[in-house]
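Notes for the one structure printed next.
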Amino acid sequence: GAGVSQSPSNKVTEKGKDVELRCDPISGHTALYWYRQSLGQGLEFLIYFQGNSAPDKSGLPSDRFSAERTGGSVSTLTIQRTQQEDSAVYLCASSDLGEQYFGPGTRLTVT
Amino acid sequence: RKEVEQDPGPFNVPEGATVAFNCTYSNSASQSFFWYRQDCRKEPKLLMSVYSSGNEDGRFTAQLNRASQYISLLIRDSKLSDSATYLCVVIADTGRRALTFGSGTRLQVQP
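In structure tokens form, the structure reads like this:
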């Protein structure tokens, strides 16, 4: 079946602009995660959605970052007033509380 | 101190060699342990889970030492296709099950 998909695959934006990154999880997976992988850094957890529960936002680096998950399926990560340090690969993963399956990521470059 | 620490490498080994990677984690409450593989500019994929009793999957053997908070991965008879970055991963929070990644160990298998 289809895996996790993310769009766009690449995004170049100017400092100060807002960006939206989209994640389509595997159908039926109740858990959805966003992670970030910066150059030279490991992957870091950003936010977690589980079913209809309130999201765990404890990993978001600043209040410029927000995410929502509509209808328990598609999720959007929004970064407002982007900064150069936001440049990274943003990875989405979904699971049915077992193995997490990752999407191909969105490579964000802030110029 | 990072929550999960790994030697970044690179490990350059000839085909057929045996290579071992080590990892330490700081949170003694960590519950689940994994090795992920990440190819260049690709998403991470689960290689294997790690259990206290040790587990083997073909040429790959993983071991967990809870007392020392230490995880290992052994690859026997290395293949060119094993070249990748190997990520040590733990789950410390059984609620949200977010993955905490080490920064990865790069392996290059040479002909």
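Going down the list, the protein sequences come from chains D and Z. Under our numbering, read the first sequence as residues 1 to 111, first letter to last. Under our numbering, read the second sequence as residues 1001 to 1111, first letter to last. Where a beta carbon is used, it is the ideal one built from N, C-alpha and C, also for glycine.
Taken through DSSP and simplified to helix, strand or coil, residue 1081/Z comes out as helix. In this structure, residue 77/D sits away from residue 30/D, with a CB-CB distance that is not shorter than 8 Å. Between residue 1107/Z and residue 1084/Z the beta-carbon gap is near 6 Å, inside 8 Å, which marks them as a contact. The DSSP-derived three-state label of residue 96/D is coil. Taking a cut-off of 8 Å for Cβ pairs, the stretch 1052-1072 of chain Z and the stretch 77-90 of chain D do not touch, as fewer than three such pairs fall below it. Contact between residue 1047/Z and residue 1059/Z does not hold, since the beta-carbon distance rounds to 11 Å and is not under 8 Å. Between the stretch 94-108 of chain D and the stretch 2-10 of chain D, the count of C-beta pairs closer than 8 Å reaches three or more; the two stretches touch.
Taking C-beta separations shorter than 7 Å and ignoring five residues to either side along the sequence, the partners of residue 1012/Z in its chain run 1108 and 1110, following chain order. The alpha-carbon separation between residue 1006/Z and residue 1093/Z amounts to approximately 20 Å. Taking C-beta separations shorter than 6 Å and ignoring five residues to either side along the sequence, the partners of residue 18/D in its chain run 80, following chain order. Closest in C-alpha terms to residue 1020/Z, from the list 1097/Z, 1096/Z, 1088/Z and 1101/Z, comes 1088/Z. Residues of the stretch 56-68 of chain D with a Cβ closer than 9 Å to any Cβ of chain Z, in chain order: 56, 58 and 59.
Judged by their CB atoms, residue 89/D and residue 13/D are not nearer to each other than the 8 Å cut-off. Residue 1065/Z and residue 1095/Z have their C-alpha atoms roughly 23 Å apart.
Following the DSSP letters along the chain, one finds residue 1070/Z inside the beta strand (DSSP E) bounded by residues 1070-1075. Using a CB distance cut-off of 8 Å, residue 84/D does not count as an interface residue toward chain Z. Inter-residue distance for residue 64/D and residue 16/D is about 11 Å (C-alpha atoms, whole angstroms). In this structure, residue 46/D keeps its C-beta atom at 8 Å or more from the C-beta atom of residue 37/D.
CA-CA distance, residue 71/D to residue 1032/Z, rounds to 29 Å. As the crow flies, the alpha-carbon of residue 1076/Z is around 6 Å from that of residue 1017/Z. In the three-state reduction of the DSSP assignment, residue 1015/Z falls in the coil class, being assigned neither a helical nor a strand state. For residue 84/D, the three-state secondary structure derived from DSSP is helix. Boundaries of the beta strand (DSSP E) harbouring residue 47/D: 43-50, taken from the DSSP string.
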